[in-house]
Every structure is written in C-alpha cells, then in structure tokens.
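The structure under discussion appears below in the form of structure tokens.
In the numbering used here, the protein residues as written are 37 to 115.
Here it is as structure tokens:
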C-alpha cells in the first residue's frame, strides 16, 4: 500500500516493538474500550518514552556511570 509521510513514520516507530495485533469483538473488548477513553493514560505513555531518553542522555554525561560501564565492558564476568 502507498503510505504518506506520517503513516511511514508511525510504521517505523511501531516496527521497533514485538507485538501481535488480534481483533476482539466489541462486547468482549470492554477493557480496551475503557482504556481508549482515558486520555491521561496516553500522556503517561509519552512521558515514559521521554523519561527513557532523559535517562540515556544523563547516563552518557555521568562520570560514575561511565566508570561502571567501562569496568563491565572490560571484565563482564568479574564480581
């Protein structure tokens, strides 16, 4: 199918995850329907992604973390 730029970005984003999409009929799918109506949950999902990026960024400039990482890379099996 022909995808526009926005759809391609979403596709690239979703391909990072391992998941199965399965269809569940309306009456059997009450939980998902209820969750889709709670907008604050989507805000939490976004915050989680941002938090991961912030931790990664902070760890790159943290000297103690860099020392621990270097030690683990040098001798991964030492205790």
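Glycine included, C-beta positions come from ideal geometry on N, C-alpha and C. Note that the structure is predicted; figures quoted are calculated from it, not measured.
Where residue 53 is concerned, there is no enclosing alpha helix (DSSP H), because DSSP gives it neither an H nor an E.
The beta-carbon distance between residue 101 and residue 93, rounded to whole angstroms, is 12 Å. This is too long to meet the 8 Å contact definition. Counted as a single uninterrupted DSSP element, the alpha helix (DSSP H) harbouring residue 105 occupies residues 99-110. For residue 47 against residue 39, the beta-carbon gap comes to about 7 Å, under 8 Å, which counts as contact.
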